[in-house]
Amino acid sequence: LEDFQILLDADPQRRLHPEWPRATSGSAVWGPEAAGKGLYWRIAGRGAAAAMSDARDGGGGSTEVGGAVSSTDDGQVGAKYRARLKICGKYRTVTWEKLDQAPNPSRAAAGSYYIASNWNGWSFDEMVRDGDEWYLEALMLRSGAEFQVVRNMDWGQVIRPRKPEASQDDRGVGPDEAWSAQGRNWQIDAAPGDVMRISLRREEVGGEWSVSWQRRRREELSEEQVAEASRLKLGVAGSWTDFAQQQPLVYEGTGLFRVTYGFLVEIGEEASESFQLLLDQSWGRLVHPDRYVLGASMSHRVLESVNDGSALDLVWTIDEAADGAKPGDVFHVSVETSKDRVLRVTWEPASSHLLTTAIASGRSIFRTKPF
Numbered sequence: 014l015e016d017f018q019i020l021l022d023a024d025p026q027r028r029l030h031p032e033w034p035r036a037t038s039g040s041a042v043w044g045p046e047a048a049g050k051g052l053y054w055r056i057a058g059r060g061a062a063a064a065m066s067d068a069r070d071g072g073g074g075s076t077e078v079g080g081a082v083s084s085t086d087d088g089q090v091g092a093k094y095r096a097r098l099k100i101c102g103k104y105r106t107v108t109w110e111k112l113d114q115a116p117n118p119s120r121a122a123a124g125s126y127y128i129a130s131n132w133n134g135w136s137f138d139e140m141v142r143d144g145d146e147w148y149l150e151a152l153m154l155r156s157g158a159e160f161q162v163v164r165n166m167d168w169g170q171v172i173r174p175r176k177p178e179a180s181q182d183d184r185g186v187g188p189d190e191a192w193s194a195q196g197r198n199w200q201i202d203a204a205p206g207d208v209m210r211i212s213l214r215r216e217e218v219g220g221e222w223s224v225s226w227q228r229r230r231r232e233e234l235s236e237e238q239v240a241e242a243s244r245l246k247l248g249v250a251g252s253w254t255d256f257a258q259q260q261p262l263v264y265e266g267t268g269l270f271r272v273t274y275g276f277l278v279e280i281g282e283e284a285s286e287s288f289q290l291l292l293d294q295s296w297g298r299l300v301h302p303d304r305y306v307l308g309a310s311m312s313h314r315v316l317e318s319v320n321d322g323s324a325l326d327l328v329w330t331i332d333e334a335a336d337g338a339k340p341g342d343v344f345h346v347s348v349e350t351s352k353d354r355v356l357r358v359t360w361e362p363a364s365s366h367l368l369t370t371a372i373a374s375g376r377s378i379f380r381t382k383p384f
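For the sequence shown, my numbering gives the first residue as 14, with consecutive numbering after it.
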């Protein structure tokens, strides 16, 4: 698949984009404007279209997404397309067509592939290419390891199985959007200290992916690794990623019967950011307030529930009116826990000392990413 927007005079502040994500040929044009995050046209080949259809539990080659219909363009790796911006008065559309040329896979960029997992905080560990295979060796710090594969560190290009807790017998589909891949992971039966080699290979027929793993050796875990493995794993899903991607919280210290975790978030152009937490970094274990919380001073209780869609509006919100948040401001969110429970969630503007320390240590600041 290929996604794109159009920039006037190569200016990111003057974007042309469709009304919906994953828009198809013939969709109307919006803009130019600086906004447009996540709104793009998609040329979807056979493998990507199959993954999108599977994500909607449907069959066939097309899927309704928002107000657009995403369908297969019958593209193969190496196929060429010609895209056109058509203007007729106030009406504008973007169309494309496949050129009548034999696909040349050797001229197509292979891309890079990364393991995103619950042992690396759903960040990216790059796989090594060996011929037509990509592989990675990973040290398991605890049991219950789950992972997906992400192309080019782009959460719009996730390779994942069709079901949760998948085995090596389950083929992968994609690249696909992160929201449709939530909870659909491969699960490795490994013990702490196992070093596993994970391999990825593209199937020649059908465009699916073969994923396999094997135990290579065992290593003794250090005291620091044992301590890390024993800590609670918390993730956050927020408005800065459209709640499609989870990111890990950082361990910040241990007090009397309390362990504190936290994250830094930059406020976007709407001067407001909302979020929920994920216990054990699992999409199935949601942590949220008992009501919509607007501002750090609002009283509430912290709840845990199954992520069945019933708590979509129960979020914490950092806001301009309630917290004085302005676009570009960085806030520090602090999460107090006891054993496996979240007790308290608070936030305040990040101090200059904290920001300096965070930058020096390479700590991430979560923020809205442009297309």
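Quick reminder that beta carbons are idealized off the backbone N, C-alpha and C, glycines included. Being a predicted model, the structure only gives us computed values, none of them experimental.
CB contact flag (residue i, residue j, <8 Å)
{"i": "ALA191", "j": "GLN258", "result": "yes"}
{"i": "GLU333", "j": "PHE344", "result": "no"}
{"i": "LEU307", "j": "ARG298", "result": "no"}
{"i": "ALA324", "j": "PHE288", "result": "no"}
{"i": "ASP145", "j": "VAL171", "result": "no"}
{"i": "LEU356", "j": "VAL319", "result": "no"}
{"i": "LEU154", "j": "GLU241", "result": "yes"}
{"i": "ASP348", "j": "GLY275", "result": "As written in the sequence, residue 348 is Val, which differs from the Asp given in the question. Yes; because the gap between Cβ atoms is below 8 Å, this pair is in contact."}
{"i": "THR381", "j": "GLY281", "result": "yes"}
{"i": "GLN89", "j": "PRO45", "result": "no"}
{"i": "GLN26", "j": "GLY49", "result": "no"}
{"i": "GLU139", "j": "SER125", "result": "yes"}
{"i": "LEU213", "j": "TRP226", "result": "no"}
{"i": "ARG376", "j": "VAL263", "result": "yes"}
{"i": "ARG105", "j": "LEU98", "result": "yes"}
{"i": "PHE379", "j": "TRP296", "result": "no"}
{"i": "ALA47", "j": "ARG35", "result": "no"}
For residue i, the first and last residue of its enclosing beta strand (DSSP E)
{"i": "TRP360", "result": "354-362"}
{"i": "TRP192", "result": "Taken as a continuous stretch (DSSP letters only), TRP192 belongs to no beta strand (DSSP E), being part of the alpha helix (DSSP H) at 191-194."}
{"i": "GLU46", "result": "43-46"}
{"i": "PRO174", "result": "171-174"}
{"i": "MET209", "result": "207-215"}
{"i": "SER351", "result": "343-351"}
{"i": "GLN161", "result": "158-164"}
{"i": "TRP109", "result": "104-111"}
Proximal residues to residue i (C-beta, below 6 Å), its chain only, five neighbours per side dropped
{"i": "VAL272", "result": "THR350"}
{"i": "GLU15", "result": "ILE56"}
{"i": "VAL300", "result": "LEU290, LEU292, GLU317 and VAL355"}
{"i": "ALA203", "result": "MET153, ALA158 and MET209"}
{"i": "PRO340", "result": "ILE280, GLU282 and ALA284"}
{"i": "TRP147", "result": "TYR126, MET140 and LEU213"}
{"i": "SER38", "result": "THR108 and TRP109"}
{"i": "GLY134", "result": "PRO261"}
Contact set for residue i: own chain, Cβ-Cβ below 8 Å, skip 5 residues either direction
{"i": "PRO174", "result": "ASP183, ARG184, GLY185, VAL186, ARG197, ASN198, TRP199 and VAL224"}
{"i": "PRO31", "result": "SER40, ALA41, VAL42, TRP43, LEU52, TYR53, TRP54, ALA81 and VAL107"}
{"i": "PHE137", "result": "TYR127, ILE128, ALA129, VAL163 and MET166"}
{"i": "TYR305", "result": "ASP326, LEU327, VAL328 and THR330"}
{"i": "SER180", "result": "TRP199 and GLN200"}
{"i": "ALA335", "result": "LEU307, GLY308, ALA309, SER310 and MET311"}
{"i": "GLU265", "result": "THR273, TYR274, GLY275 and SER347"}
{"i": "ARG244", "result": "TYR264 and VAL272"}
Neighbourhood of residue i by C-beta, 7 Å cutoff - its chain only, sequence neighbours within 5 removed
{"i": "LYS246", "result": "ASN131, ASP293 and GLN294"}
{"i": "GLU110", "result": "TYR94 and ARG95"}
{"i": "GLU232", "result": "LEU152, GLY206 and VAL208"}
{"i": "GLN161", "result": "ALA129, VAL171, ILE172, ARG173, ALA194 and ASN198"}
{"i": "PHE256", "result": "ALA250"}
{"i": "TRP168", "result": "ALA191, ALA257 and GLN258"}
{"i": "PRO177", "result": "GLY196, ARG197 and ASN198"}
{"i": "SER374", "result": "none"}
{"i": "GLY353", "result": "First, the amino acid is wrong: residue 353 is Asp here, not Gly. Around ASP353: LEU245."}
{"i": "ALA363", "result": "LEU277, VAL343, PHE344 and HIS345"}
Nearest-angstrom beta carbon gap, residue j and residue i [assumed within contact, 8 Å]
{"i": "VAL278", "j": "VAL358", "result": "Their Cβ separation, rounded to whole angstroms, is 13 Å, which puts VAL278 and VAL358 out of contact at 8 Å."}
{"i": "ARG210", "j": "ARG229", "result": "5 Å"}
Residues bridged to residue i (per DSSP)
{"i": "PRO188", "result": "DSSP, once it has assigned bridges, lists no residue as partnering PRO188."}
{"i": "TYR305", "result": "DSSP, once it has assigned bridges, lists no residue as partnering TYR305."}
{"i": "VAL300", "result": "LEU290 and GLU317"}
{"i": "THR369", "result": "Paired residues: none, contrary to the question."}
{"i": "PRO261", "result": "GLY248"}
{"i": "ALA151", "result": "MET209"}
For residue i, the first and last residue of its enclosing alpha helix (DSSP H)
{"i": "GLU241", "result": "236-243"}
{"i": "ALA335", "result": "333-336"}
Distance cut-off 7 Å: residue i Cβ against heavy atoms of the ligand ADP
{"i": "GLN238", "result": "The ligand ADP is absent from the structure shown, which contains no ligand whatsoever."}
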